[in-house]
Amino acid sequence: MSILVFVEVNEGEARSSSLEAVSYAVELGKQMDKPVSAFVLGNHLSGDKLAAIGNYGVSKVIHAQDDRLNDGVIQAYAQTVSQIFDKESADILVLAKSSMGDAVAARVAARAKAALASNVTELPDLSAGFKVKRGVYTGKAFQITELNADKKILALRKGAYTAPPGAGTAEVEAFSPSLEDADFGAKITKTDKITGEVLLPEADLVVSGGRGLKGPENWGMVEELAKELGAATGCSKPVSDLGWRPHHEHVGQTGVKVSPQLYIAAGISGAIQHLAGVSSSKCIVVINKDPEAPFFKAADYGIVGDAFDVLPKLTEALKASK
Amino acid sequence: MKILVCITHVPDTTSKITFTDNETQLNKDGLQFVIGPYDDYALSRAVELKEQLGGTVTALNVGLVETEPTIRKALAIGADDAIRINVEPTDAFFVAEQIAAVAKEENYDLILMGRESSDFNGGQVHGMVGEMLGIPSLSPIGHLDMEGTVAKMAREIEGGKEYLEATLPLVLGCQEPIAEWKIPNMRGIMSARKKPLKVVEPQGEAQKTKGITYEMPPVKAECKMIEADNAAELIGFLKNEAKIL
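Residue numbers (this note's numbering), protein chains in the order written: chain A, 1 to 322; chain B, 1 to 245.
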């Protein structure tokens with residue numbers, strides 16, 4: 001029995017959230033005395049980069065090198081992962097929560113009759129059975145959940161476990177999945193995606209703007225601070241509802257849930273639905289004109305002031321400190 | 001079009017969540033329960049598609065009798081009939097099995113639900129139902145239009161959108177802006193009382209996950225306030241005190 005971990009690729013690089021999952025799986029493997037292998041689907045990662053996943057502690061990387069997997073077709077991905085799961089006689093699958101990870105986890109769990117826990121926030125407690133801590137009620141609480149099936153799947157929230165990379169190389173093993181036309185029933189006709197920017201769900205630093213910024217034309221100061229920090233940009237629900245910013249930047253209960261090291265909110269009052277999406281941030285900075293804004297109660301640092309005045313000051317101070 | 005919409009019965013998103021019985025049970029005192037916010041989008045789109053193309057919308061909930069007011073609300077919004085599977089929904093696999101068992105008999109063209117429930121946030125049930133039925137499952141879907149038997153959709157991915165086409169049948173996890181939430185009108189509320197609500201007993205395997213206890217997030221220390229004129233000081237605090245930058 002072994003542990004498998006799914007590594008997703010973005011713009012020719014292994015995703016940072018997936019590399020966290022590799023570190024998690026390797027640590028779990030040590031605790032359970034099980035071998036750990038990573039796997040990559042499609043041909044977006046060069047041979048060197050496949051082997052370099054070994055820096056995170058796995059000795060084997062399985063590469064499903066079918067060109068049809070270059071597009072992320074969910075059913076084909078789930079089919080391939082199920083085949084790798086069977087071939088490796090694995091009993092645990094670890095992956096990072098994402099638009100692909102969630103979909104693969106669910107379909108593979110249904111097929112393998114596996115116990116699946118999502119939003120897992122730390123390593124399991126193995127002292128009696130197999131218990132994980134997972135986020136529930138959209139960041140408002142945690143549940144300790146027991147997994148009772150022989151096969152288990154863990155979908156990790158960002159920050160569940162991190163370890164610095166070492167200097168290892170993994171052996172890359174090619175795998176040819178057996179895929180049928182039916183696995184490609186849903187056809188991707190077009191993809192619109194930002195490039196060269198930090199993806200919001202896996203960002204360590206996030207700068208978000210709310211209605212207090214008064215209009216989309218004022219987002220330059222959010223973007224400048226984000227650029228100086230190397231942060232992703234986010235926004236509140238009203239801002240995405242008004243069409244000032246795209247929906248994939250909406251942070252909150254019905255949008256993206258983030259768990260960065262630093263979350264800076266400018267001109268966001270802090271409705272409970274917004275707080276639900278940011279509550280697992282390590283440090284929260286709130287900038288708001290209204291000293292009574294509820295967001296200050298959830299903040300580590302607060303600045304009562306106009307975002308138009310404060311944001312540029314922060315950008316300048318950051319430049320000066322380098 | 002024969003559409004199944006699966007709805008959850010969850011605390012209103014503005015609720016303060018607390019637990020009782022040694023932190024093992026949700027404290028339901030004073031909580032208002034609603035149709036899951038994502039499920040509400042799925043239901044609204046289903047009713048719109050029925051109005052455009054004809055057909056039926058069936059609302060399904062896995063839950064105990066306490067969920068019936070929530071199911072009646074779905075009927076008031078425009079579902080034609082409803083099914084309640086009489087068991088507490090605590091494990092995604094078990095819930096998916098219940099939905100798949102109904103779907104196998106009824107041959108729905110579309111099975112819609114929210115991208116995730118707002119209580120357990122797993123986002124797993126749609127994918128599991130798709131696999132159990134051997135049909136595509138896609139989530140989170142923010143746009144859905146029909147052209148004959150082909151669904152044209154947009155799915156949100158990290159940093160953007162993916163546009164997809166697939167032939168029915170399909171299982172979709174939905175989110176805004178797939179439709180505007182519908183508010184039930186008086187006629188809908190009156191007619192909902194008479195619409196059929198069938199109660200079915202659960203079947204299938206034992207639950208694979210079990211909730212043991214709940215924990216609340218750690219309480220934050222008090223917020224440190226910085227004068228707007230001295231905003232630049234924040235950078236120092238983030239470097240030297242919080243040790244983030």
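From the three backbone atoms N, C-alpha and C, an ideal C-beta is built for every residue, glycine too.
Here the structure is a predicted model, which means the values were calculated and not measured.
{"Asked": "Cutoff 7 Å; reference Thr13 (chain B); Cβ partners in own chain excluding five residues on either side", "Found": "Pro37 and Ser118"}
{"Asked": "Reduced DSSP secondary structure (H/G/I, E/B, other) of Pro140 (chain B)", "Found": "strand"}
{"Asked": "Interface positions of the region 100-128 of chain A facing chain B (Cβ-Cβ less than 9 Å), listed along the chain", "Found": "Met100, Asp102, Ala103, Val104, Ala105, Ala106, Arg107, Val108, Ala109, Ala110, Arg111, Lys113, Ala114, Ala115, Leu116, Ala117, Ser118 and Asn119"}
{"Asked": "Span of the beta strand (DSSP E) around Arg84 (chain B)", "Found": "Asp81 to Ile85"}
{"Asked": "Cβ shell of Gly72 (chain A) (< 7 Å), same chain only, five flanking positions each side left out", "Found": "Met100"}
{"Asked": "Min CB distance Leu172 (chain B) to chain A below 7 Å", "Found": "no"}
{"Asked": "Within 8 Å of chain B by C-beta, residues of the region 41-68 of chain A in sequence order", "Found": "none"}
{"Asked": "Where Glu197 (chain A) falls: helix, strand or coil (DSSP)", "Found": "coil"}
{"Asked": "Backbone secondary structure at Leu49 (chain B) - three-state DSSP", "Found": "helix"}
{"Asked": "Inter-residue Cα distance where the pair is Ser178 (chain A) and Val22 (chain A)", "Found": "25 Å"}
{"Asked": "Leu116 (chain A) - partner residues in DSSP beta bridges", "Found": "A:Ile153"}
{"Asked": "Coil, strand or helix - Ile3 (chain A) by DSSP", "Found": "strand"}
{"Asked": "Per-residue contacts from Ala141 (chain A) into chain B (C-beta, under 8 Å)", "Found": "Ile17, Phe19, Tyr214, Glu215, Met216 and Pro217"}
{"Asked": "Extent of the continuous alpha helix (DSSP H) to which Pro69 (chain B) belongs", "Found": "Glu68 to Ile77"}
{"Asked": "Near-chain B residues of the region 291-319 of chain A (beta-carbon distance less than 8 Å), N- to C-terminal order", "Found": "Phe296, Lys297, Ala298, Ala299, Asp300, Tyr301, Gly302, Ile303, Val304, Gly305, Asp306, Asp309, Val310, Lys313, Leu314, Glu316, Ala317 and Leu318"}
{"Asked": "Residues that DSSP places opposite Asp192 (chain A) in a beta bridge", "Found": "B:Lys161"}
{"Asked": "Continuous alpha helix (DSSP H) stretch holding Arg187 (chain B): start and end", "Found": "Met186 to Ala192"}
{"Asked": "Classification of Asp102 (chain A) by the beta-carbon crowding that lies within 10 angstroms, buried from 16 upward", "Found": "buried"}
{"Asked": "Own chain partners of Asp86 (chain A) with C-beta closer than 6 Å, once the 5 adjacent residues on each side are dropped", "Found": "none"}
{"Asked": "Chain A contact residues for Ile324 (chain B), given Cβ-Cβ distances below 9 Å", "Found": "Past the edges of chain B, shown from 1 to 245, lies residue 324 (chain B), and the structure says nothing about it."}
{"Asked": "contact_flag[the region 118-130 of chain B, the region 102-111 of chain A] where n(CB pairs < 8 Å) is 3 or more", "Found": "yes"}
{"Asked": "For Met1 (chain A), the nearest candidate out of A:Ile74, A:Glu13 and A:Ile84 (CA to CA)", "Found": "A:Ile84"}
{"Asked": "Residue from A:Ala265, A:Leu318, A:His274 and A:Lys282 with nearest C-alpha to Gly305 (chain A)", "Found": "A:Ala265"}
{"Asked": "Buried/exposed call for Met186 (chain B), threshold 16 Cβ in 10 Å", "Found": "exposed"}
{"Asked": "Proximity winner among B:Ala231, B:Leu234, B:Pro169 and B:Gln203, relative to Phe271 (chain B) (alpha-carbon distances)", "Found": "This structure cannot speak to residue 271 (chain B), because chain B is shown only from 1 to 245."}
{"Asked": "Which listed residue (B:Glu162, B:Gly78, B:Met132 and B:Ala206) has its alpha carbon closest to that of Gly54 (chain B)", "Found": "B:Gly78"}
{"Asked": "Span of the alpha helix (DSSP H), counted from its first residue to its last, around Asp324 (chain A)", "Found": "Missing from the structure shown is residue 324 (chain A); chain A here goes from 1 to 322 and no further."}
{"Asked": "Bridge partners - Met113 (chain B), DSSP secondary structure assignment", "Found": "B:Cys6 and B:Gly173"}
{"Asked": "Contacts of Met132 (chain B) in chain A (Cβ-Cβ under 7 Å)", "Found": "Ala110"}
{"Asked": "Straight-line Cα distance separating Ala166 (chain B) from Pro291 (chain A)", "Found": "51 Å"}
{"Asked": "Closer than 9 Å at the beta carbon, the chain B residues around Ala147 (chain A)", "Found": "What sits at residue 147 (chain A) in the sequence shown is Leu, not Ala. Near Leu147 (chain A) (Cβ distances below 9 Å), the residues of chain B are Lys208, Thr209 and Lys210."}
{"Asked": "Beta-carbon neighbours of Ser139 (chain B), restricted to chain A and to distances below 7 Å", "Found": "Ala103"}
{"Asked": "Below-7 Å beta-carbon distance, Gln124 (chain B) vs any chain A residue", "Found": "yes"}
{"Asked": "Beta-carbon proximity check, Ala46 (chain B) vs Ile7 (chain B), cutoff 7 Å", "Found": "no"}
{"Asked": "Selection of the region 84-99 of chain A by Cβ proximity to chain B, strictly under 9 Å", "Found": "Lys97, Ser98 and Ser99"}
{"Asked": "Buried or exposed (CB count within 10 angstroms, at least 16 for buried), Gly42 (chain A)", "Found": "buried"}
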